[in-house]
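Keeping their order, the protein sequence lines are chains X and D. Using the working numbering, the letters of the first sequence correspond one by one to residues 1 to 421. Using the working numbering, the letters of the second sequence correspond one by one to residues 1001 to 1454. One structure below.
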Amino acid sequence: MSENTASHAGSATAATSRHIACDVAIVGSGPAGLSAAIRLREHGVGRVVVVERESEAGGIPRHCAHPPYGVREYHRLMTGPTYARHNVKLALAAGVEILTRHTVVALDAGARLKLTTPDGLATLTARRVLLAVGARETPRSARRISGDRPLGVVNTGTLQASLFLEHRKPFEQPLIVGTELVSLSAIASCRKAGIEPVAMIEPRGRPTARWPLNLYPRLNGIPLYVNTRLVSIEGSDRVEAAWVQSGRSGPRRIDCDGVLLTGEFTPESALVRQSALMLDPRSQGPSVDPYGRCSDPSYFAAGNLLRPIETAGWSWREGRRVADNLATDLADGLAQEECVTINLRDPIKYCVPQRVPVSNTDRDGRLQLRVTQPVKGSLRLWVGERVVWQSTGHFLPERRILIPSHTLPTHLDGPVKVDLI
Amino acid sequence: MAVIGGGVVGCATARRFALEGARVLLLEKGADILSGASKANSAILHTGFDAPSGSQELACMQRGYAEYREIAQRLNLPLLETGAMVVAWNDADEAKLDAILAQAHANGVEDVVRISRDAVRQREPALSSQARGAVWVPGEHVIDPWSAPLAYLQQAMANGAHVWRGATVEGGAFDGKTWTLLTTLGEVRSTEVINCAGLFGDHLERALLGEASFTIHPRKGQFVVFDKAAAAMLSSIILPVPNERTKGVVLTRTIYGNLLVGPTAEEQEDRDHASLDEAILDSLVADAITKVPALEGMPITATYAGLRPATEQKAYRLKDRPEANWITLGGVRSTGLTAALGLAEHAFACYRQRRATTPIGSPVWPAVPNLAEHLPRDWQQPGYEEIVCHCELVTRREIEAALESPLPPGNIGGLKRRTRACMGRCQGFYCGARVAELTGNCLTPPISTGIWHE
């Protein structure tokens, strides 16, 4: 890494601005970012710099203090923090430079980043940038929840960072909202810290997490209410109660001192939204081609920034795959092919990648889809007037749906569409 | 003298009297200042173009406007020069524009002009083409609604004023010369009482004077704040054609770089709780999208609600009771952020009739930290150690400075208003734990319920 120090011309306070130059800059040091970094070094890419805004690298697994992590990647059963540390260790061993407390504040055209660091502002130029900044849960505000705004309404991420990084409890007896995988992880964290959830509610008719995991709340003695939604929150300083409504019965009050809002992940796409990169309103992440390449071909993306949400293991493998493409691009230049945008019909929530080349040479890739609500029916992939692939079944929200890319013809002679009837 | 109430009006009043050489104690019942009506507003510095001509409200707003512009720089208070347009969306609105223009001119706001549909489009290309035309008010701007009162009160304190927080006034008596006030923190003796108690202004009069000259009817306003990416969609403040009761729902950039829609105007009895309502929030979002179609799909950063101390009349309820050494600055609604400095002058003018003071020679001008997005922020200066809140780029240095300041935050709301921590799009997902750790037991109640070790 080369560093030059230059002064801001014309600035009386003369904040010094550092410049960082590298081959590939990776934004984010979670599973996708670090696996990509390691893979790039394996491909012989020279300077690979990971930019991480937190004080410690590793991403969200750092505060998921339970297994299972690392099974497919490392053939070992690890907790989140162990897995995060292992990824960091391998990255450093591979010659990856990790810059913590470096915050990207702007993505400029042509793989140029603006950063802030505790030592001053900085700029970074790279041949390519890989965005791997992950996803977060939807907070109370964006869920437009009614009622008071007291202390104690938090997401699982805050709960786990509080417990495992800062050793503090945000509440003692919360109501848990949601039944995704992360919601079960929240129960595990509560149990460990002696926090006693009063109940778990799910607006849909069945838990989102798969059997047998959906038995987990009951095994822990926590009542699980399905078809039940949070109506409003009550409390002056701290949460005092939550009002919930089941089916058509009237709202009822549940005493609690916190509300844990789990899941409903959304890609952390703030930087993308404020850049010139194209954003997909369905996935809420950057729009990519099958290589993981964004609308500005000097930017790639991988991991949960692409879509809400996949496991750490999936993100780790995705980071490697995109790194392979990125290495090819650096070595030979990936072709700039004409692409077809994949059209989606409701209740398809999103499809990643959002576009495929007209000359579809991708034989190993997959289209990742999700639905917005439970549907029984036939999922169909169309090219022009032809159905080229279909699958009949019961499709559930937050469950991975994959369509192999090789089901698409090698030449796309019409619009590509996915529907579900 | 005792100023009762630490909202924007109380803070401005404490400042005015301290600068004029009075010995000031401000009493606030909340754990922090701005715990009532002043914590939620649309953060606009108003010219008074649409205020009732000849009203005290107009006079106070115009004095407040002028003084804000005069002192802002020395207190390091920001001003985002936006201008505002009162947009007509239908025939009925359009028919009222001329009267709005005439009123503005009658109020001495002479740079206000009618602009055509095309001119509206030119200024605001993202605005729906349903906009028929507008009245353009170049002098309406966006300010920081929380740093301003904080700066007023900190200047008062730097020039001798004292502040008690958590001090509820429960009773008191006037012996013809001196007031003895009974507060939850002890007895206070003062020659003069200024009632800046906002939502409880009538209760205070009833408790201390025996009767109230007005009755507060709280009016709730709900707001939705869109993500920062939305701020670029508008350059000016988009005002509706107002009705008799309310100025209506505004679309405006915030000083922090977001876009805000609100407030609603909902009558209620409760003076403490301003609760959110999902259906109303949905309707605010829908209204914003109708006016700015590109907001479709824009993430929501924050939702909040506040209460304005409306009364049975639209006018401010300003009362000078020389026989009781009492001044009430009551019924101050959404224009209070602008009018506060003018109201403070008004109160002092009343007070001067009965008592002479000597203004302090060379007042201290303590600067508040800048939180405005368009001006240099702390993260742009080296040595901040770490960014704690990533969405709002709040540094540890800023949080520590707030905790060590002369008027440190009393509760989590106070910390958010002083630093922006946890105020961004993730609402504490990333930084909530760190903020809980850094603030420890400094806040009431503390963020955490307890310590836990594995």
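Every residue, glycine too, gets a C-beta built ideally from N, C-alpha and C.
Around the beta carbon of Leu367 of chain X, 16 or more other beta carbons sit within 10 angstroms, so the residue counts as buried.
Thr1047 of chain D and Glu1140 of chain D do touch by the CB rule: their CB atoms are close to 6 Å apart, below 8 Å. Per DSSP, Lys114 of chain X lies in no alpha helix (DSSP H); the unbroken beta strand (DSSP E) holding it starts and ends at Arg112 to Thr117. Interface annotation, Tyr1256 of chain D: not in contact with chain X, CB-CB separation never under 9 Å. For Pro118 of chain X, the closest Cβ of chain D is nearer than 9 Å.
The continuous beta strand (DSSP E) containing Leu402 of chain X extends over residues Ile401 to Pro404. Using a Cβ-Cβ distance cut-off of 8 Å, the segment 1181-1189 of chain D and the segment 1039-1053 of chain D are not in contact, since fewer than three pairs of beta carbons, one from each stretch, lie closer than that value. Here the C-alpha atom of Glu1067 of chain D lies approximately 15 Å from the C-alpha atom of Ala1349 of chain D.
In this structure, DSSP gives Lys89 of chain X a helical state, which the three-state scheme calls helix.
The Cβ neighbour count for Ala1173 of chain D, taken over all protein chains shown within 10 Å, is under 16; the residue is labelled exposed. Per the coordinates, the alpha-carbon of Ala109 of chain X lies some 40 Å from the alpha-carbon of His66 of chain X.
Within chain D, the residues placing a beta-carbon under 8 Å from that of Gln274 of chain X are Lys1228 and Ala1229, ordered along the chain. Leu1034 of chain D counts as buried, since no fewer than 16 other beta carbons sit within 10 angstroms of its beta carbon. A direct Cα-Cα distance of roughly 14 Å separates Glu1345 of chain D from Lys1319 of chain D.
Taking 9 Å as the threshold, the shortest C-beta distance from Phe164 of chain X to chain D falls below it. Each residue's CA atom was taken as its position, placing Val418 of chain X and Asp362 of chain X some 18 Å apart. Leaving aside the five residues that flank Arg1245 of chain D on each side, the residues in its chain whose CB is nearer than 7 Å to its CB run, in chain order, Ala1265. Boundaries of the alpha helix (DSSP H) harbouring Ser1147 of chain D: Ser1147 to Ala1158, taken from the DSSP string. Beta-carbon to beta-carbon, Tyr69 of chain X and Pro61 of chain X are separated by about 6 Å, close enough to satisfy the 8 Å threshold. Counting only the Cα atoms, Glu1278 of chain D lies some 19 Å from Arg204 of chain X.
Put simply, the backbone Cα of Glu1392 of chain D is about 18 Å away from that of Thr100 of chain X. Taking Cys1426 of chain D as the centre and dropping the five residues before and after it, the same chain places the C-beta of Cys1391 closer than 6 Å to its C-beta, in chain order. Annotated as distal: Ala111 of chain X and Tyr291 of chain X, with beta-carbon spacing of 9 Å or more. If you check the CB distance, Val1135 of chain D and Val1086 of chain D come in under 9 Å. Counting along the chain, Asn1325 of chain D sits inside no alpha helix (DSSP H), nor does DSSP assign it H or E at all. Between Val239 of chain X and Val226 of chain X, the beta carbon gap of about 22 Å keeps them out of contact (Cβ cut-off 8 Å). Secondary structure at Lys192 of chain X: helix, using DSSP grouped into helix, strand and coil. Looking at the DSSP output, Asp419 of chain X bridges to X:Arg380.
Residues of the segment 213-229 of chain X with a C-beta atom less than 9 Å from some C-beta of chain D do not occur.
The beta-bridge partner set that DSSP reports for Ser287 of chain X is empty. Across the set X:Val96, X:Ser246, X:Val371 and X:Gly221, the C-alpha of X:Gly221 shows the shortest separation from the C-alpha of Arg191 of chain X. The beta-carbon separation of Ala301 of chain X and Gly285 of chain X, rounded to 7 Å, stays under the 8 Å limit for a contact. Per DSSP, reduced to three states, the secondary structure at Trp1365 of chain D is coil, with no helix or strand assignment. At a cut-off of 9 Å between beta carbons, Gln1381 of chain D contacts chain X.
The alpha-carbon separation between Gln1155 of chain D and Gly1410 of chain D amounts to approximately 18 Å. Between Arg1063 of chain D and Arg1219 of chain D, the CB-CB gap reaches or exceeds 9 Å.
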